[in-house]
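Novice:
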Amino acid sequence: MNTSAINALRPEFDSYQNNEIQSTTIKLWNRMCRAYSPRYQHIKRALAEHLVEYFNRHLTTDHLPIGRLILPVSDDTLKTYLLHYDAIEQSRSGCSGFLSGHNLAESDFEAPIRQQYDDEPTGVNILFGIQGMGNGHLTRSRLIAKALADRGARVQYLVSGRQKSELYDMEVFGDYLHRDGFTFIAKNGRINFFQTLMHNRFFGFIRDVWTLNVKDYDLIISDFEPVTAWAGYLGNKAVIGFGHQYSFDYDVPMLRRFSIPGLAVKLFAPASETIGLHWVSFKHQPILPPVIDTTIRLCEDKKHLVVYLPFENQDNVASLLNRFSGYRFKIYGPRAPEVIGNTEFFQMSVNSFKESLQTSRGVICNCGFTLIAECIHIGLPVLTKPLKGQIEQLSNAYTLENRHLAEVFYCLSYENLQHFIENAQRKAANPYPDVAEAIAGWVVSDRNETVTELSEKLWNNQRDLARLSQRRGKTLSGLES
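Per the numbering used here, the sequence shown starts with residue 11, numbered consecutively.
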């Protein structure tokens with residue numbers, strides 16, 4: 011708990027030692043700081059800035075009439091809390107006072123006030139943009155949204171890049187906004203640039219940017235979401251861009267960096283401050299580890315492979331996998347659920363996918379970021395195919411091959427799949443720390459450390475977790491032998 015604000019007030023309170031009202035206020039201050047300590051720094055700031063001034067100006071008699079108990083604080087909930095707290099203390103102590111006429115039991119006030127204040131948001135008003143194109147952005151944004159909610163942050167979410175009817179498991183984002191944004195059209199594992207140009211409504215995008223009200227927000231966070239990023243940029247607002255794409259702002263491997271597609275990645279969602287995410291640390295680069303659900307664990311091996319190739323022709327995928335008799339495949343993607351031979355199709359669901367992943371023997375997927383990070387975290391082998399024409403995925407494939415993190419193939423064929431399917435075995439985990447919690451804490455604390463400092467801390471945590479995992483693996487191997 012930060013006690014600096016408390017200590018700053020004590021001399022002022024001591025000057026009113028014999029005052030009954032001041033005694034009640036000390037109880038309030040100590041009780042609030044004890045009950046709500048690190049999560050509600052904005053409450054302490056409001057009290058520190060306004061409460062002493064109020065008492066110096068108005069506390070001139072032994073008591074205050076209830077009509078004058080109006081603090082010059084913009085937070086109406088704080089005023090309500092102060093009034094109700096006086097009633098609680100009077101009821102508890104049995105003392106007479108200007109609010110003793112309420113004569114209400116503690117329970118009549120305690121529960122609703124605690125519930126009300128537990129839901130009270132932080133002082134920063136945040137607009138959070140999420141790229142809906144692909145599931146990795148939504149996956150990590152769900153984790154950060156939960157971490158921000160646990161800290162009482164006040165956040166308005168906006169999702170673009172996918173039709174609203176195609177979104178799933180969106181409850182954590184509350185009453186989120188939806189815009190069309192930009193997306194790309196892929197067919198048979200390749201981006202179709204012509205259809206992408208025809209599909210995206212550029213004038214509609216410009217309208218969405220100009221009509222999005224960003225004046226009421228103190229901070230804009232963009233997970234590579236262009237509407238909020240450009241609206242914040244043009245509105246002269248602080249925009250934090252976070253995600254894997256922002257790692258390419260730094261000295262990390264990127265193919266065709268200075269090409270038109272490479273420039274498009276740079277301009278897609280501009281930010282005044284960027285937080286790049288990557289699977290590995292790069293020397294002296296302020297990049298964070300991946301944001302993943304760190305609760306995922308390997309469970310009993312049910313001897314199936316998880317397949318996530320949503321940009322491929324799903325009939326071709328099923329036909330090819332059915333040539334591998336004796337193996338089972340769980341395919342996630344846009345196709346309706348059905349069973350075709352030894353392949354079973356599933357539509358995306360957070361819980362279903364997590365269960366399938368934890369009980370699988372390996373994963374076949376495109377070269378996205380988050381799913382591969384989850385596999386590295388728990389120790390699942392990966393066979394991955396980059397989407398042709400997609401700079402990010404081609405760059406990912408390069409890093410995965412060079413760092414020996416996954417096997418890469420470029421053409422969907424029996425020969426390219428055979429070795430992996432027949433030899434896939436679980437391997438040692440390389441766990442990541444809880445980056446979602448770290449980012450949420452960094453945001454609500456007014457970003458009190460640099461991204462470089464945050465990066466160094468998290469990668470040190472990752473190295474500690476990796477060493478611990480290695481020691482645990484050696485211990486288990488010794489026991490088994």
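For each residue, glycine too, the CB sits at the ideal point set by N, CA and C.
1. Give me whichever residues DSSP pairs with F339 in a beta bridge.
2. Mind reading off the beta-carbon distance from L393 to A416? Whole number of angstroms is fine, and I expect it under 8 Å.
3. Which residue's Cα is closest to the Cα of K247: K276, Y260, P280, F258?
4. By alpha-carbon positions, which one of H414, D325, L381, R371 ends up nearest to V349?
5. Out of curiosity, what's the CA-to-CA distance linking E176 and G399?
6. Counting Cβ pairs, one atom from each stretch, are 3 or more of them under 8 Å apart for the segment 316–336 and the segment 462–469?
7. According to DSSP, V418 sits in a beta bridge with which residue or residues?
8. If I measure Cβ to Cβ from L475 and keep anything under 8 Å in the same chain, skipping five residues before and after, which residues do I get?
9. Could you please give the first and the last residue of the uninterrupted beta strand (DSSP E) stretch that includes Y186?
10. Just how far apart, CA to CA, sit L244 and V454?
11. For A121, count neighbouring Cβ atoms within 10 angstroms of its own Cβ and tell me buried if that reaches 16, exposed if not.
12. To the nearest angstrom, how far is the alpha carbon of F138 from that of D233?
13. Looking at the structure shown, is P82 part of a helix, part of a strand, or coil, going by DSSP?
14. For A448 and H288, what's the separation of their Cα atoms in angstroms?
15. Considering only C-alpha positions, which residue in the set V237, A407, L277, Y256 is nearest to R217?
16. Can you tell me whether F212 is buried or exposed, with buried defined as 16 or more other CB within 10 angstroms of its CB?
17. I136 by DSSP, collapsed to three states: which one?
18. Run the CB neighbour count on C375, radius 10 Å, all protein chains shown included, and call it buried at 16 or more, exposed below.
19. Would you say T238 faces chain D, with C-beta separation under 9 Å as the test?
20. Can you give the Cα-Cα distance for R239 and L168, rounded to whole angstroms?
21. Please report the distance separating the alpha-carbon of D261 from that of R413.
22. According to the Cβ coordinates, are R473 and I388 closer than 9 Å?
23. K395 and C377 look like a contact to me (Cβ under 8 Å); what is the Cβ gap, rounded to whole Å?
24. Quick one, which of G253, E411, V290, N458 has its alpha-carbon nearest I154's?
25. So what's Y442 in DSSP terms, helix, strand or just coil?
26. Please name the residue or residues paired with I250 in a DSSP beta bridge.
27. Between the C-alpha atoms of L478 and K197, what's the straight-line distance to the nearest angstrom?
28. Which residues mark the beginning and the end of the alpha helix (DSSP H) in which C385 is found?
29. Which residues in the same chain as L187 place their Cβ atom closer than 6 Å to its Cβ, once the five residues preceding and following it in sequence are excluded?
30. DSSP puts Y167 in a beta bridge; with which residues?
31. For P296, which of N470, A159, R482, Y420 has the nearest alpha-carbon?
32. In its own chain, which residues sit with a C-beta less than 7 Å from the C-beta of T149, not counting the 5 before and 5 after it?
33. Below 9 Å between beta carbons: does that hold for N135 and R164?
34. Could you have a look at G146 and say whether DSSP puts it in helix, strand or coil?
35. Identify the continuous beta strand (DSSP E) that holds G214 and give its terminal residues.
36. Compute the beta-carbon to beta-carbon distance between P300 and S405, rounded to the nearest angstrom, for a pair I have assumed lies under 8 Å.
Specialist: According to the data block:
1. L315, T353
2. 7 Å
3. P280
4. Of the candidates H414, D325, L381, R371, the residue whose Cα lies closest to the Cα of V349 is D325.
5. 24 Å
6. no
7. T394
8. P441, Y442, P443
9. Looking at the DSSP string, Y186 is not in any beta strand (DSSP E), and its letter there is neither H nor E.
10. 24 Å
11. Residue confidence for A121 is low, a pLDDT of 44 falling below 50, so the modelled location carries little weight; the figure read from the coordinates is stated next. Looking at its Cβ environment, which holds fewer than 16 other Cβ atoms inside 10 Å, A121 is exposed.
12. Computed Cα separation, rounded: 8 Å.
13. Because the pLDDT at P82 is just 36, under 50, the model does not fix this residue reliably, and the point stays unresolved.
14. 15 Å
15. V237
16. exposed
17. Under the three-state reduction of DSSP, I136 is assigned to strand.
18. By the neighbour-count criterion, in which a residue is buried when 16 or more other Cβ atoms sit within 10 angstroms of its Cβ, C375 is buried.
19. No chain D is part of this structure, which consists of one protein chain only.
20. The question names Arg, but residue 239 in the sequence shown is Ala. Whole-angstrom Cα-Cα distance: 11 Å.
21. 16 Å
22. no
23. Contact flag correct, Cβ pair sits at about 7 Å.
24. Considering only alpha carbons, the answer is G253.
25. coil
26. Looking at the DSSP assignment, I250 forms a beta bridge with I231, E283.
27. C-alpha separation (whole angstroms): 43 Å.
28. 380–388
29. L168
30. F138
31. N470
32. T380
33. yes
34. In this structure, G146 counts as helix in the three-state DSSP scheme.
35. Premise fails: G214 lies in the alpha helix (DSSP H), 212–221, not in any beta strand (DSSP E).
36. Contact flag wrong, Cβ pair sits at about 15 Å.
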